[in-house]
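All remarks here apply to the structure that follows.
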Amino acid sequence: MDSCKGIILKTSYDKMGRTENISILGKTMLEWVSLALYEIPYVAIDNKEEMLLPALIHDSLDLSQEYTVVLYSDTPLITRKTVSEALETAKLNSLNVLRMTRGFVFKTDYIFNAEKIYTDKTYYFDEDDFVTAYSFRQIGFITDILKNRILTYHMNRGVQFEDPASTFIGCEVSVGVGVKIGANNNILGKTVIKDGAAIGRDNSIEDCIIDEGACVEKSKLVHSYVGKNTTVGPFANLRRDNIVGDDCRIGDFVELKNCRIGNGSKLGHLTYAGDIVMGRQCNVGAGVVFANYDGKDKHVSHIGDNVFIGSSSTIVAPVTLGDGCFVAAGSVIVQDVPAGALAVARSRQTIKTDWKGNKYTQDK
């Protein structure tokens, strides 16, 4: 595709507004069209229907480029293959104008000097590429075609989908061999799912790396790394910037934000962890909160290796829990805990046997 420039005309429709910014499977329609141009430099300009095309694109032409490809922002299904075939056809037949179903290839010096486009012939390629998004109903149809193209690509490379109809995968997602993906998944951005991982049902995953053998179930993950053989979910929320090591367990209703979790550590249930650095082989009980915000600033807590944190504890940052220390259930930790120490930070239990009771304990 040497010596070529692209021009994308940004279209608008009464009931939809401008088409170029409408998102489909994680990309705007303009971005989908630009992918078809691949390495061809391009500009995007407004389509003004009252102007003839030569006048509309005149100021955007580059006479140093032999050919100019004109596409429309409302044809997001256009592919690199079709653009390449159209250019090749124009070159082989020495055409000044090649009209596609929606779009053109021009000899640049010809269209630069033209007032009108003179051609009666339309060249046909893959007509799915030219389905036009003139309504939201059409966008739904286009979304199905794009989705099926992406799913077919992955299935042909050894990925198993439980229910392709309910699965949405972005065009930049990479999925390894032997991966199984359950129903009702949205996997977008530059997510990488490595060989042998399992993505169960009902997940939203964006810009993540899921390493070999990891398993994710009914969870939301954004911009995070999940290590080998680690399990996440159900109902976990990995917000942003988490690195979870190998052989870890991030259980039900656990929320992580900006955390580093060492290999083999487990946060099993009902935990919020924000801004922590945790070592290897730690165990965090149910209902633990890592309090990282003092009302003004966020703070980091450092947790060593082999640390046990009992249920319903609160770790108030910034603190450091040394290797092998033990935090008793229900504690509120506001000071550093030395390695190997037991920390108990709660009121002593009091038993009163002579109290008057209440309606639940009094005789009827």
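Straight run, no breaks: the sequence shown in the numbering used here ends on number 1571. Yeah, the Cβ is synthetic: ideal placement off N, Cα and C, and Gly gets one too.
task: Please classify M1208: does DSSP put it in a helix, a strand, or coil?
output: At M1208 the pLDDT is 49, less than 50, meaning the model places this residue with poor confidence and gives no usable figure here.
Closer than 8 Å: C1422 CB and nearest the ligand ATP heavy atom: Because no ligand of any kind appears in the structure shown, any question about the ligand ATP cannot be addressed here.
task: Rounded to whole angstroms, what's the CA-CA distance from E1419 to N1490? Just pull it up for me.
output: 23 Å
- prompt: What residues are listed by DSSP as bridge partners for K1387?
  reply: Q1367, A1405
task: Could you tell me the boundaries of the beta strand (DSSP E) in which A1574 lies?
output: Outside the modelled stretch of the chain, which goes from 1208 to 1571, sits residue 1574, for which no answer is possible.
query: Anyone know if the C-beta pair for K1401 and I1416 falls short of 9 Å?
result: yes
- prompt: Helix, strand or coil for H1361 per DSSP?
  reply: helix
Status (buried if at least 16 other CB within 10 Å, exposed otherwise) for I1457: With 16 or more other CB atoms across the displayed protein chains lying within 10 angstroms of its CB, I1457 is buried.
query: Can F1313 and T1350 be called in contact, C-beta distance under 9 Å?
result: No, these two residues do not count as a Cβ contact at 9 Å.
message: I'd like the list of long-range same chain contacts for I1346, defined as Cβ closer than 7 Å, with 5 residues on each side in sequence excluded.
response: I1229, I1231, A1340
message: Are the CB atoms of I1376 and I1352 within a distance shorter than 9 Å?
response: no
query: From N1470 to D1453, what distance separates their C-alpha atoms?
result: 5 Å
field: Sequence-distant residues of the same chain with beta carbon closer than 6 Å to C1466, five excluded per side
entry: Excluding five sequence positions before and after C1466, the CB atoms of its chain that fall closer than 6 Å to its own CB belong to N1449, A1480, I1483, given in chain order.
- request: Just mark A1262 as buried or exposed, buried being the case when its beta carbon has 16 or more other beta carbons within 10 Å.
  value: exposed
- prompt: What span of residues does the beta strand (DSSP E) with R1456 cover, start to end?
  reply: 1456-1464
query: Based on the DSSP output, what are the partners of N1410 in its beta bridges?
result: N1392
field: Length of the line joining the Cα atoms of A1421 and G1529
entry: Roughly 29 Å separates the two Cα atoms.
Extent of the continuous beta strand (DSSP E) run through L1477: L1477 -> beta strand (DSSP E) spans 1473-1481.
task: Could you spell out where the beta strand (DSSP E) holding V1526 opens and where it closes?
output: Counting along the chain, V1526 falls outside any beta strand (DSSP E), and DSSP gives it neither H nor E.
Beta-carbon proximity check, V1384 vs I1406, cutoff 9 Å: No, Cβ-Cβ distance for V1384 and I1406 is not below 9 Å.
message: Using 8 Å for Cβ pairs, my map puts R1306 next to F1337. What's the rounded Cβ distance?
response: Not quite, the Cβ-Cβ distance comes to about 11 Å (not below 8 Å), so this is no contact.
field: Secondary structure, alpha helix (DSSP H): runs of 4+ residues fully inside the stretch 1272-1321
entry: Qualifying alpha helix (DSSP H) stretches, in chain order: 1287-1299, 1315-1320.
Ranges of the beta strand (DSSP E) found wholly within the stretch 1509-1566, counting only runs of at least 3: 1521-1523
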